[in-house]
Structures are given as C-alpha cells and as structure tokens.
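Going from the first sequence to the numbering used here is simple: count from 1 and add 2. Read through the structure below, which is laid out as structure tokens, and then see the notes.
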Amino acid sequence: MDYQKLADMLFPKIKHDCQYYFDKYPKRELPEGAEVLRIAPSPTGFIHLGNLYGALADERIAHQSGGVFYLRIEDTDTKRKVPGAVEAIISCFDYFQIYFDEGAHHQPDEGNYGPYYQKQRKEIYQTFAKRLVAEGKAYPCFCSGKQLNEIRKQQKDLNEATGYYGKWASCRNLSLEEIKTLLDKKEKFVIRMKSTGSIENQSIFYDEIKGDITVRENNQDVVIIKTDGIPTYHFAHAIDDTLMQTTIVLRGEEWLGTLPVHLELFKMLGFKLPRYAHTTVLMKIDETGTKRKLSKRKDPELALDYYRQLGYHPYAVKLYLMTLLNWNFEQWHLKNPDAHLEEFKFSLDKMGQSGALFDLDKLHNISKTYLAKFSLEEMKDFLKAYVSSQKKEKYEMYFADEEYLEQILTLGMGLNLKKRRKDYIYASQILESIDLFYHHNREDEFICDNKTAKTLLTQFIETYDYTDDNSAWFDKVKIVSAENGYAAEMKEYRANPENYRGSVADVSEVIRIAVTGRKNTPDLWTIMQILGEKEAIQRINNTIKELD
RNA sequence: GGUCCGUUGGAGAAGCGGUUUAACUCACAUGCCUUUCACGCAUGCAUACACGGGUUCGAAUCCCGUACGGGCUACCA
3 MDYQKLADML
13 FPKIKHDCQY
23 YFDKYPKREL
33 PEGAEVLRIA
43 PSPTGFIHLG
53 NLYGALADER
63 IAHQSGGVFY
73 LRIEDTDTKR
83 KVPGAVEAII
93 SCFDYFQIYF
103 DEGAHHQPDE
113 GNYGPYYQKQ
123 RKEIYQTFAK
133 RLVAEGKAYP
143 CFCSGKQLNE
153 IRKQQKDLNE
163 ATGYYGKWAS
173 CRNLSLEEIK
183 TLLDKKEKFV
193 IRMKSTGSIE
203 NQSIFYDEIK
213 GDITVRENNQ
223 DVVIIKTDGI
233 PTYHFAHAID
243 DTLMQTTIVL
253 RGEEWLGTLP
263 VHLELFKMLG
273 FKLPRYAHTT
283 VLMKIDETGT
293 KRKLSKRKDP
303 ELALDYYRQL
313 GYHPYAVKLY
323 LMTLLNWNFE
333 QWHLKNPDAH
343 LEEFKFSLDK
353 MGQSGALFDL
363 DKLHNISKTY
373 LAKFSLEEMK
383 DFLKAYVSSQ
393 KKEKYEMYFA
403 DEEYLEQILT
413 LGMGLNLKKR
423 RKDYIYASQI
433 LESIDLFYHH
443 NREDEFICDN
453 KTAKTLLTQF
463 IETYDYTDDN
473 SAWFDKVKIV
483 SAENGYAAEM
493 KEYRANPENY
503 RGSVADVSEV
513 IRIAVTGRKN
523 TPDLWTIMQI
533 LGEKEAIQRI
543 NNTIKELD
C-alpha cells in the first residue's frame, strides 16, 4: 500500500510538514528545573471545586519552579459546547486569583505557543495525522455508528472485549482503491491509530502522585480525528502538550484508564513523554450515604460560581483546597499563620491518594479564621466588592453611611476586643448577620411569657439613658432583674437557682430580642449605641406595643 | 463483565516492618471565662488501621485472596 498516496488523498489541503510546527514553536527558554503545566478545561458551562483544586496544584508547581502556567481550551467536543462557557471559566479563575502566564485567558491569546483553543489548531492536528497515515500508523475508518454498535454486540455475544481492534478493525484492510471509491462517494470517515499493542503486556509506569502503577498496553484502534476533522482528546493531548512543551501533565485520575492510549500515541509520534500526575477526584456523600465523585449534573451547589455568589473569600477557598492538596500544608499554615500560601513548598508527592470528601465545616472554619485577620478597611473592601457585583441594589443601603457600617463591623469583628470574634464566614452571611442594624424583625421567641417580657421591657425603658456607659447600663438591667425576681448576680444565681425566676442573663435576653430580634448577638449595649438613641428606644417601644 | 486506582475514629490526614498505649486539623461534648453569642483556655469523645490468610522474633506498614468504594471501558472530555 502506498501510504503517502493515501495520506495525500485524505488530507489534500495540508501543505506543511510536521517540522514546520517544531520550528514555529521553538524550545522554551526556561531556567533549570522550571516546570510547564496547564489547565485544559472543556467549555461545557460548568466548573466546580475539582477544577480549582487541579488548577491550584498546576499553578503552584509551575510558579514555584519558575516555570509557566497556561490555559488551553479543549473545545473539541462541538456537541457539548455551551456559549459563554469560556468567559465563565476565565472569570471564575480570575475571581479565585489563579493567574496564567499564557493562553486563552486574554483576547487575543497571549503567548508564543498558540492558538490555545483546540478548535483553532485543526490544521496542526491534521498535519500530524497525515504523517501518521503516511507512515502506515493510522488509517481512515468508514464504519458508521450503527456498524460499530453491531460489532460491539457481536463481541458481547462472543464474550470478547469490546472495541475496535485487531481482527475487528475491518477498515484496517481497506485497499487504496476501495478507499478512493468511498472518498469519491463523499463517505464520512474518521482517522484511527493502528495499534500495535497487546493487552497481554503489562509494565510499570511511574506517576508523580500515585507512584508505580501497572499499565497494560493499548490494543484499540482509537479514533484520533473525528468526522468533522477535529481531533479527539487523546490526539490533541499528545500534540498540544508536546508542541506547548508541557513538562508535567497534571489531570484528574479519570484519565488513568486511557493512559495506555496516550503512551502508544506518544511512541507512535516519536514524542518524548511528559511526566504525568493523576490527582484524586473530589467526592461528596450522597443522600444514600455513599461516596461519589462530584458531578456537574447532580451537584450544582459545588459549582465554583456558587461560592462566588455566596461571597466566599477566594483566598479562604484556596486555603481550604491547599489543605486537601498537600497534607502538610495545614500544619505549616498553623505555624506560619501570616505567611501567604505561595510561601509554602508545594509538592506532588504529598498529595492524597484517595478521593477526599468535600467538607463544608472545615471550609467555614478556615474562612472564619482567615477573615478574623482582616482589618476594618479590608473587610469593607471585601464587602464592597461583593455587594457591587452580587447585590447591586443594596449598595446604597450599606455604603451610603460608611461610618455607620464601620461601627457595625468593628463590633462584629471584635476589633475592640482582646481576641477577635470569628462570626464572619462569607460575604452574604456577613450581610445577613448585620441585617439587624438595617431592619427590625423578631426572629427569636422570648423565653418568658409576653406579660413578663412586657413588664421587664417597660421598666427597663423607663430607666434607660442613652448616655450611660456600658457598666451603668448593665447596672440598670440588674435593677430591673432584681425587682422582678431575677438574680442580678450570676454567681448567686448559680449557687441558688431555686430562689429565682431566672437570672440577669434572661432579662438581658428579653431586651436583646426586643432590640435586635435575636437571642444571640455581640454586645448589646454597643449595638444600642450604634443604633442611636432614637432607634434603640423606638425598637423597644414597638416591641412593647406588639406584646399587648 | 474486563481493567486500573483506592480502603486508618463522623470528615481530612500522618505513620509505610520495632520509642504506636496510632500524630495533627475540623466536627462533636464537657468545664472554665462570661449578661447571650462569638473568642480564648482546658479536658474529653470518638473506644479508627475493611475482612481472611500468609511472610517475620515482630505488620496499620510486605505478599496473596475476598469484600466494598471510585474511575475507565464513546467519533465526551
């Protein structure tokens, strides 16, 4: 068979040879030990925590080694492509402050190894596919989906492995004349690699994360170019990561299964193999109690955008992911609480081997601790950024009177305390917790009956003086308590609870609910100071009226 | 079905043949502090090495089975 002739028949428009591209994309000038990594999402309109997890690992390895981190868009699946998805991906990574050195994050692409959209690299792939055909290592296949299904069915009946391989690969044997006839009839075809492997052969492959793993040779004549002329993931991976000179292919472990295909492709193409690092997948517990991979369809709450909408601080999310990524990160962070995560020495061999469960509690703990380090200015900026992007209609309400907001935040953050409070987790939760300064709604119920509550409140408001300091204010609460059979001193109450209806704590609670609507708040006296004399008194009087 | 990866308290996870009566973080609980909450401090809980064999003086650590979980098995990535 004249393979060169076949190649020319199949790819008449391809002018360049492969060398053209090697010349076009020269060797990167990088310092010793610098790694080149990429993240290569497909624009299906959904990115979740797992994507950020991988991206963070990529980014750290690349940047801490003085290398390159780039973004490539794998838009080879025309059917699943979602409009606007690329923009969503880019803006999400931007929000989480994952920065690329080159790639598709800019318009136009930035970097010398582009284009970074696979769709635009069609000709490159075809050039290499053509060479494989010319070398007799790949061939056109005209089988329809229907035919392939039939083959699969037969294989199942015979209890043989399914797929297009060996004796089942009928298009391997097409003669040049037969192919020409089919081409003249404008029959659709794909290009398949002609596998020479055997699944009998096993070998050990070193994965940067998993260590030694056994792999079997591939024996499938995998499709490398689809009928639309666009490559499959496998082929694009081999070509792109070679031409773009990726040194470590870091990807999810769902790719482990097709690693044999990639190994054979690299060999066939005569390419040097990159190092591979297969990360574990993030899991979640199902309603049924079973662990499962995060799924884009079933777990919309794990979409990255969800965290942005709720206003999780991007850095806090990254801190959490780092604890999952490298087991020694957490202890390092504990020892160096003020160091930036980029100062941590990230390494692939400290990554987990099994799928980690996503733990919202832990994320919250980390967020709280992180936000508890913020200055007033930083907190204001954080909220401002959130409100102006997610809650525009509330901007006026919060930021018309910044001094008021500052007082609220100072209290909520515990800036006046010896130890800071840790109430704040994420922006929307913060707004909710300070809502009591903007609206008066009763959310919690009184522990005593309405009549008692009314009495306590009435007596309290009669003596209330806005200019009292905290201790004078509290003394008045104590007086009201004592007059109504509540212990004024906690120690006394604890010693002899049976002598009292309750304690000053209970009386405080009634006042607290009247003023804030809630049982639990930061210091009540301060809240009343912030609210202002008029508002504070009015809230209590309104509550008294409601109790009638 | 085939194949690959995994399995340490509720969650993450260290330990990879002998100072292991198995670290650390989160969660949870209790106490102290305290007018509530939050913070902080202290203590505790969970009574964790999937199971069964083997190798060894000795195994969470090595080997072999089994079970369970997950991935892949597309002209999807």
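Backbone N, C-alpha and C define an ideal beta-carbon position, used for all residues, glycine too. Just so we're clear, the structure is a prediction, and the values are computed from it rather than from any experiment.
Exercise for review: Measure the Cβ-Cβ separation of Met246 and Tyr115 and say whether it is below 7 Å.
Suggested key: yes
Check your understanding: Going along the chain, which residues of its own chain have a beta-carbon closer than 8 Å to the beta-carbon of Lys396, five neighbours each way excluded?
Key -> Val389 and Leu433
Practice item. Please determine, among Tyr406, Tyr428, Ile515 and Asp403, the residue with the shortest C-alpha to C-alpha distance to Arg444. Key: Of the candidates Tyr406, Tyr428, Ile515 and Asp403, the one whose C-alpha sits nearest the C-alpha of Arg444 is Ile515.
Point to revise | Neighbourhood of Thr234 by C-beta, 8 Å cutoff - its chain only, sequence neighbours within 5 removed | key: Thr78, Val224, Val225, Ile226, Ile227 and Lys228
Practice item. Please name the residue in Asp470, Glu210 and Glu219 whose C-alpha comes closest to that of Ile201. Key: Glu219
Exercise for review: Tell me whether Phe13 is buried or exposed, calling it buried when 16 or more other Cβ atoms sit within 10 Å of its Cβ.
Suggested key: buried
Check your understanding: With a CB to CB cut of under 7 Å and the five nearest residues on each side skipped, what residues in its chain are close to Leu267?
Key -> Met195, His236, Phe237 and Ala240
**Study point:** Nearest candidate by alpha-carbon position, reference Pro43, set Glu404, Cys94 and Leu327
**Key:** Cys94
Check your understanding: Do the CB positions of Tyr309 and Val319 come within less than 7 Å of each other?
Key -> yes
Point to revise | Beta-carbon contacts of Leu378 that lie in its chain and below 8 Å, excluding the five residues immediately before and after | key: Glu408, Leu411, Thr412, Met415 and Leu417
Review point. Where does Cys450 sit, in a helix, a strand or coil, going by DSSP?
Key: coil
Point to revise | Candidates Ile211, Asp230, Thr371 and Leu284: closest to Tyr278 by CA position | key: Ile211
Review point. Is it the case that the Cβ atoms of Val38 and Val70 are separated by a distance below 7 Å?
Key: In contact: Val38 and Val70 (Cβ atoms closer than 7 Å).
Point to revise | Member of Gly354, Lys420, Val479 and His366 whose CA lies at the smallest distance from the CA of Gly213 | key: Gly354
Practice item. Counting only the same chain and skipping the five closest in sequence on each side, list residues whose C-beta sits under 7 Å from that of Lys386. Key: Answer for Lys386: Phe401, listed in chain order.
**Study point:** Tyr502 - DSSP class collapsed to helix/strand/coil
**Key:** coil
Practice item. With distances taken Cα to Cα, identify the nearest neighbour of Pro1 among Thr244, Gly259 and Tyr317. Key: Here the chain comprises residues numbered 3 to 550, so residue 1 is not present and cannot be evaluated.
Review point. Roughly how many angstroms separate the alpha carbons of Phe102 and Arg74, rounded to a whole number?
Key: 10 Å
Review point. Under 7 Å, do Lys478 and Thr465 count as touching if we go by C-beta distance?
Key: Yes.
Check your understanding: For Asp10, which residues does DSSP report across the bridge?
Key -> DSSP, once it has assigned bridges, lists no residue as partnering Asp10.
**Study point:** Residues that His280 bridges to, as DSSP identifies them
**Key:** Arg253
Check your understanding: Going straight from the alpha carbon of Glu104 to that of Leu343, what length do you get?
Key -> 22 Å
Practice item. Name the one or two DSSP bridge partners that Asp340 has. Key: In DSSP, Asp340 forms no bridge with anything.
Point to revise | Limits of the alpha helix (DSSP H) - the one that Thr216 falls within | key: Taken as a continuous stretch (DSSP letters only), Thr216 belongs to no alpha helix (DSSP H), being part of the beta strand (DSSP E) at Gly213 to Arg218.
Review point. If Lys352 sits next to Trp329, beta carbons under 8 Å apart, how far is it from one beta carbon to the other, in whole angstroms?
Key: 6 Å
Exercise for review: In the DSSP assignment, find the unbroken alpha helix (DSSP H) run with Cys20 in it and report its ends.
Suggested key: Cys20 to Lys26
Practice item. Report yes if the CB atom of Val509 is closer than 7 Å to the CB atom of Leu438, and no otherwise. Key: In terms of Cβ geometry, Val509 and Leu438 do not form a close pair [threshold 7 Å].
Review point. Excluding the five sequence neighbours on either side, which residues of its own chain have a C-beta within less than 8 Å of the C-beta of Leu326, listed in chain order?
Key: Tyr55, Leu284, Gly354 and Ala358
Check your understanding: Terminal residues of the continuous alpha helix (DSSP H) containing Phe376?
Key -> It is not in any alpha helix (DSSP H) - Phe376 carries neither H nor E in the DSSP assignment.
Practice item. Buried or exposed for Ala497, please, with buried defined as at least 16 other CB atoms from any protein chain shown within 10 angstroms of its CB. Key: exposed
**Study point:** Cβ-Cβ distance between Gly231 and Lys124 below 7 Å
**Key:** yes
Review point. Distance, Cα to Cα, Ala538 vs Met530?
Key: 6 Å
Exercise for review: May I have the straight-line CA-CA distance separating Lys370 from Thr248, to the nearest angstrom?
Suggested key: 37 Å
Check your understanding: Which residue comes first and which comes last in the beta strand (DSSP E) that contains Asp4?
Key -> Segment: none, Asp4 is in no beta strand (DSSP E) and carries neither H nor E.
Check your understanding: Hey, quick one: how far does the beta strand (DSSP E) through Gln204 stretch, first residue to last?
Key -> Gln204 to Asp209 is the extent of the beta strand (DSSP E) around Gln204.
Review point. Taking Cβ to Cβ, would you say Gln222 is nearer than 7 Å to Tyr141?
Key: Their beta carbons are not under 7 Å apart, which means Gln222 does not touch Tyr141 by this criterion.
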